[in-house]
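Trainee:
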Amino acid sequence: MSDMKPHSSPLSALLLLLLLALCRIGTAQAGDPVAEGLAQIKAAPMDQLEASIQQFATIQDARVPKLLQALLDGRLLYQKADGRIVTGDSADDGYAIADALSGEKLGTAGRFDVKKINLNNALRATLRQLIGRLELNSTDAHVRLKAVEAMSLAPDPETLALLLARLGQEQDPKVLSAIRLALALADLNSPDKAHRLKAIATLRTEVGADVVNHLNALLEKNEAGEYLEPDSDVRHTAEAALTEIKARLQLYSGVETVFFGLSLGAVLVLAAIGLAITFGVMGIINMAHGELMMLGAYTTYVVQQLMPNHLELSLFVAIPAAFLISALVGIAIERGIIRFLYGRPLETLLATFGVSLFLQQAVRSIFSPLNRSVSTPAWMSGSVQINDALSLTLNRFYILLFCLLVFALLLQILKRTRLGLEVRAVAQNRAMAKAMGIPTERVDAMTFGLGSGIAGVAGVALSQLTNVGPNLGQSYIVDSFMVVVFGGVGNLWGTLVAGFSLGVANKFLEPYAGAVLAKILVLVFIIIFIQKRPRGLFPQKGRAAEA
Amino acid sequence: MTFPLLQNDKSGQIVLAAVALITVFVPLFNLLLPESSPLHFSTYTVSLLGKYLTYALLALAMDLVWGYCGILSLGHGAFFALGGYAMGMYLMRQIGDRGVYGNPVLPDFMVFLNWPELPWYWQGFDQFWFALLMIVLAPGILAFVFGWLAFRSRVTGVYLSIITQALTYALLLAFFRNEMGFGGNNGLTDFKDILGFNLQSSGTRAALFAATGSSVILAYLACRYVVDSKLGRVVTAIRDQEARVRFLGYKVEMFKLWIFVFSAVLAGIAGALYVPQVGIINPSEFSPLASLEIVVWVAVGGRSTLYGAIVGAILVNYGKTVFTAILPEVWLFALGAIFVLVTLFLPDGLVGLWQRRKEEAA
Numbered sequence: 001m002s003d004m005k006p007h008s009s010p011l012s013a014l015l016l017l018l019l020l021a022l023c024r025i026g027t028a029q030a031g032d033p034v035a036e037g038l039a040q041i042k043a044a045p046m047d048q049l050e051a052s053i054q055q056f057a058t059i060q061d062a063r064v065p066k067l068l069q070a071l072l073d074g075r076l077l078y079q080k081a082d083g084r085i086v087t088g089d090s091a092d093d094g095y096a097i098a099d100a101l102s103g104e105k106l107g108t109a110g111r112f113d114v115k116k117i118n119l120n121n122a123l124r125a126t127l128r129q130l131i132g133r134l135e136l137n138s139t140d141a142h143v144r145l146k147a148v149e150a151m152s153l154a155p156d157p158e159t160l161a162l163l164l165a166r167l168g169q170e171q172d173p174k175v176l177s178a179i180r181l182a183l184a185l186a187d188l189n190s191p192d193k194a195h196r197l198k199a200i201a202t203l204r205t206e207v208g209a210d211v212v213n214h215l216n217a218l219l220e221k222n223e224a225g226e227y228l229e230p231d232s233d234v235r236h237t238a239e240a241a242l243t244e245i246k247a248r249l250q251l252y253s254g255v256e257t258v259f260f261g262l263s264l265g266a267v268l269v270l271a272a273i274g275l276a277i278t279f280g281v282m283g284i285i286n287m288a289h290g291e292l293m294m295l296g297a298y299t300t301y302v303v304q305q306l307m308p309n310h311l312e313l314s315l316f317v318a319i320p321a322a323f324l325i326s327a328l329v330g331i332a333i334e335r336g337i338i339r340f341l342y343g344r345p346l347e348t349l350l351a352t353f354g355v356s357l358f359l360q361q362a363v364r365s366i367f368s369p370l371n372r373s374v375s376t377p378a379w380m381s382g383s384v385q386i387n388d389a390l391s392l393t394l395n396r397f398y399i400l401l402f403c404l405l406v407f408a409l410l411l412q413i414l415k416r417t418r419l420g421l422e423v424r425a426v427a428q429n430r431a432m433a434k435a436m437g438i439p440t441e442r443v444d445a446m447t448f449g450l451g452s453g454i455a456g457v458a459g460v461a462l463s464q465l466t467n468v469g470p471n472l473g474q475s476y477i478v479d480s481f482m483v484v485v486f487g488g489v490g491n492l493w494g495t496l497v498a499g500f501s502l503g504v505a506n507k508f509l510e511p512y513a514g515a516v517l518a519k520i521l522v523l524v525f526i527i528i529f530i531q532k533r534p535r536g537l538f539p540q541k542g543r544a545a546e547a
Numbered sequence: 548m549t550f551p552l553l554q555n556d557k558s559g560q561i562v563l564a565a566v567a568l569i570t571v572f573v574p575l576f577n578l579l580l581p582e583s584s585p586l587h588f589s590t591y592t593v594s595l596l597g598k599y600l601t602y603a604l605l606a607l608a609m610d611l612v613w614g615y616c617g618i619l620s621l622g623h624g625a626f627f628a629l630g631g632y633a634m635g636m637y638l639m640r641q642i643g644d645r646g647v648y649g650n651p652v653l654p655d656f657m658v659f660l661n662w663p664e665l666p667w668y669w670q671g672f673d674q675f676w677f678a679l680l681m682i683v684l685a686p687g688i689l690a691f692v693f694g695w696l697a698f699r700s701r702v703t704g705v706y707l708s709i710i711t712q713a714l715t716y717a718l719l720l721a722f723f724r725n726e727m728g729f730g731g732n733n734g735l736t737d738f739k740d741i742l743g744f745n746l747q748s749s750g751t752r753a754a755l756f757a758a759t760g761s762s763v764i765l766a767y768l769a770c771r772y773v774v775d776s777k778l779g780r781v782v783t784a785i786r787d788q789e790a791r792v793r794f795l796g797y798k799v800e801m802f803k804l805w806i807f808v809f810s811a812v813l814a815g816i817a818g819a820l821y822v823p824q825v826g827i828i829n830p831s832e833f834s835p836l837a838s839l840e841i842v843v844w845v846a847v848g849g850r851s852t853l854y855g856a857i858v859g860a861i862l863v864n865y866g867k868t869v870f871t872a873i874l875p876e877v878w879l880f881a882l883g884a885i886f887v888l889v890t891l892f893l894p895d896g897l898v899g900l901w902q903r904r905k906e907e908a909a
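Protein chains in written order, with my numbering: chain U, 1 to 547; chain F, 548 to 909.
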């Protein structure tokens, strides 16, 4: 009903009203089969209770499995006064009760105001069967999956028979594989050797921890030193399957490390790519680059403060806003300071470092020195479970995607727009470009603005990963320079490759060396690498390289 | 003042004379004059001035490589800190069993971390001569290895600056680790004695101050000697036209390496003098910001003048003390503004401004 369109015809609206009214009457009617069934269960003497329950379970109604579960849990009661059937949860001195049919809350009842519908053990077993069967036949695939998982925990012949029966009708692939897994796990205990071998053959494609445990159990010895599994063929197959599974688990953990590395690399690339333009293309050492990222992160924070009811959308507002603010600040820095220092890179380093201190303190004065937390929209949090052994966090995935998007966009700007053409011309030969009528001063400002704006956009991404604080820029500036220098100055592709490879290398070193040592090792590696290739991975060639 | 060395260095003579005056009189006034006297220097002031002088020494080292050889090292803080840690380790061992845990061998932080015994690289630091050796060797060897790698493969200019920054950043991360055995985040502190003299006593403070002042004077003379020598002239030529010097047949990398190592050793000595006067050494000395501040001192004073470095270091740090006491939140604004204004308007620093005045007057 929620997708009812505002401009649907009056006729359909009328029909809807009619339907609603009918529904209301339906629940209130004495002819409700669920109500009748419950009344029967309540009234039945012990010897006919099973028949009543069996019959109740055949009613096609979503409330039935829940009520059966309540019955099984001993939560199905009736009030002594009027015989109304309720569900009750233990509360102090009695029960918090609700109408069994409508779920309407009825307050609390004293311990002696209500009576439990009693069961015996045989009935409980029957109930479990019935609930399992009902849930197994639920129309909701998620409920079915849960049912299969619950049943595979304590497999008895009846549940297995149920699962086997369901196997023939099941359509959903996830539920199907869960049923197969449950059956195979149960088959490992089968007395028939062929069954066991077949089960192992099914299990060898799995990765779950329970599968590994079950297979390991086959290889264990008892106290007398005899194998629990008598057949050596089965043992060998199990061993082979385990090796296979372990290899696959290792592969998945490798994939996961690569993914983490790539996402770390994406952060590095985002942080460095603006620098690749200002440093790589223009030859300016912008030590305030980190602070421009910080401005982007704070912009995200401010945007979220301004639109507290639209957190989901705030990022989409923050990205252009951060670009604009950082770009404007960047242009101001270029016009105010850097243009007097072209051709003196060491001086630009010092002056922009002064700017970075200034910006840090400004942010500290405006927003306080404490970290600000930026909330992550719901669509960015959580993770994707690929299988039992591999799950990827969504925010890192989006940042990876975002990084590639920004990179592609930047590449297109430099390749296909007039600004890009002019930027490349000025970078290659300033004097010649000027002679050709390119307004070099304007191009300088625009280029610096572009690089700074991208730093701001990187700041938006960073705000989703770390705390936003005045020191945010400082912690990324050394890394960013490393990435640019490692990749080769003046080469955007170099920056991309360098960022990703440093990220991945870092994540692969971490398990052996720890996070800090991994970072130190990477830094030392770059220092040594620069000795071997002073111009980075992809050095510029030709005349431009000498400039 | 008839040093032949300083014959053509009038400004240097003035600055050195000033340093010599305070080196002699500040400790004397501190020890001999009663506290009521207007000329009395409190022990706090002595320590503060001593700290400035160690910074002046560090700035001298920086000016030598940046001003005369064009190597903008953003890692000189690392050499300073290494010298400081070497001294700190000696002072730590001097505490003996007077630490909080009373362990005669292990420093407090090692006891706290349940270290069974002193790590091998702490051996020998109970000897003052060994500590002195390490103060020179630790920064010297690091500078030698790093410089040898960098200069041989002709890493120059901005690239060199950035990898020196990476060097100090890597050391920062390393020294923050508790497993390193240098006190982690807290560094080394709580010192008691140096050579058996109580560090808190005015006499020891005065002696340390005099030692620092003398070191600055000696280092200045040594630097002046170096830059005036043939070696210094080659180094200056490398700064101005590296390729030509190479074509003339000089081994450019050897000259650079020599000056870089010498400068690093000076920085290490400055660190060693700094630690007993300030009473602590911690990883923040390795931060890129600390190394960049050294560059500001030199830039503000005036690069490639030597005496300008001393003036800059003392003035900027005096400004820092004043600002952080009165208006702490203004200090970074001020430092940032100094960076920008000096690079834009005072390429030769304050000393350059003064000299221009003099020339205009003449």
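Quick reminder that beta carbons are idealized off the backbone N, C-alpha and C, glycines included. For clarity, every value in this text was computed on a predicted model and none was experimentally measured.
1) Relative to the C-alpha of G849(F), which candidate in F693(F), T890(F) and M636(F) has its C-alpha closest?
2) CB-CB under 7 Å to S594(F), same chain, minus the five flanking residues each way: which ones, in chain order?
3) Kindly indicate if chain F contains any beta-carbon less than 8 Å away from that of F358(U).
4) Find the nearest neighbour of L619(F) within the set L893(F), I764(F) and I710(F), judged by alpha-carbon distance.
5) What alpha helix (DSSP H) runs, 4 residues minimum, are completely inside the stretch 60-118 of chain U?
6) Does DSSP put D740(F) in a helix, a strand or coil?
7) Roughly how many angstroms lie between the CA atoms of N222(U) and P230(U), to the nearest whole one?
8) Helix, strand or coil: how does DSSP classify L735(F) here?
9) Can you confirm whether I618(F), when its beta carbon is compared against all beta carbons of chain U, has any partner nearer than 8 Å?
10) Thinking just about the alpha-carbon of each residue, which of S375(U), Q360(U) and V374(U) is nearest to the one in S368(U)?
11) In or out: F353(U) buried (at least 16 other Cβ within 10 Å) or exposed?
12) Does any C-beta atom of chain F lie closer than 8 Å to the C-beta of S480(U)?
13) Who are the Cβ neighbours of G132(U) in its own chain at under 7 Å, not counting the five residues just before and after it?
14) From this set, L611(F), L660(F), L718(F) and L579(F), which residue's C-alpha is nearest K803(F)'s C-alpha?
15) According to DSSP, is L385(U) helix, strand or coil?
16) For S375(U), which of helix, strand or coil comes out of DSSP?
17) On the three-pair Cβ rule with 8 Å, is the stretch 474-487 of chain U touching the stretch 419-435 of chain U?
18) Among residues of its own chain, excluding the 5 on either side of F529(U), which ones have a beta-carbon nearer than 8 Å to its beta-carbon?
19) Would you say F886(F) lies against chain U (beta-carbon separation less than 8 Å)?
20) Any beta-carbon of chain U closer than 8 Å to the one on G624(F)?
21) Tell me, to the nearest whole angstrom, how far the beta carbon of P830(F) is from that of L621(F); I am working on the premise that it is less than 8 Å.
22) So, does the CB of G354(U) fall closer than 8 Å to a CB anywhere in chain F?
23) So what's K415(U) in DSSP terms, helix, strand or just coil?
24) What does DSSP give as the partner residues of L392(U) in its beta bridges?
25) Use the C-beta contact count for S8(U): other C-beta atoms within 10 angstroms, 16 or more gives buried, fewer gives exposed.
26) For I520(U), decide whether its Cβ has a neighbour in chain F, counting only Cβ atoms nearer than 8 Å.
27) What are the residues of the stretch 702-722 of chain F that lie near chain U, defined by any Cβ-Cβ distance shorter than 7 Å?
28) Helix, strand or coil for K798(F) per DSSP?
29) Evaluate the contact criterion for the stretch 490-499 of chain U versus the stretch 268-282 of chain U: three or more CB pairs, one atom per stretch, below 8 Å.
30) Which of the three DSSP states is assigned to N745(F) in this structure?
31) Please identify the residue among V489(U), F508(U), Y78(U) and D444(U) whose C-alpha is closest to the C-alpha of Y706(F).
32) Output, in chain order, the set of chain F residues within a Cβ distance shorter than 7 Å of E347(U).
33) Can you give the Cα-Cα distance for Y602(F) and K867(F), rounded to whole angstroms?
34) Can you have a look at L568(F) and say buried or exposed, based on whether 16 or more other CB atoms are within 10 angstroms of its CB?
35) In chain order, what residues of the stretch 858-882 of chain F put their CB closer than 7 Å to some CB of chain U?
36) Judging by CA-CA distance, which residue of A272(U), D82(U), A81(U) and G74(U) is the nearest neighbour of S90(U)?
Mentor: In terms of the structure at hand:
1) T890(F)
2) R752 and Q824
3) yes
4) I710(F)
5) 63-72
6) strand
7) 11 Å
8) strand
9) no
10) Q360(U)
11) buried
12) no
13) A147, M151, T159 and L162
14) L611(F)
15) Here the sequence assigns Gln to residue 385(U), which means Leu is not the residue at that position. Strand, per DSSP.
16) coil
17) no
18) F486
19) yes
20) no
21) P830(F) to L621(F), Cβ: 16 Å. No contact.
22) yes
23) helix
24) V384(U)
25) In this prediction, S8(U) has a pLDDT of 47, which is less than 50 and means its spatial position is unreliable; what the coordinates show is noted afterwards. Exposed: under 16 other Cβ atoms inside 10 Å.
26) yes
27) V702, G704, V705, Y706, S708, I709, I710, Q712, A713, L714, Y716, A717, L720 and A721
28) coil
29) yes
30) strand
31) V489(U)
32) T890
33) 13 Å
34) exposed
35) E876, L879, F880 and L882
36) G74(U)
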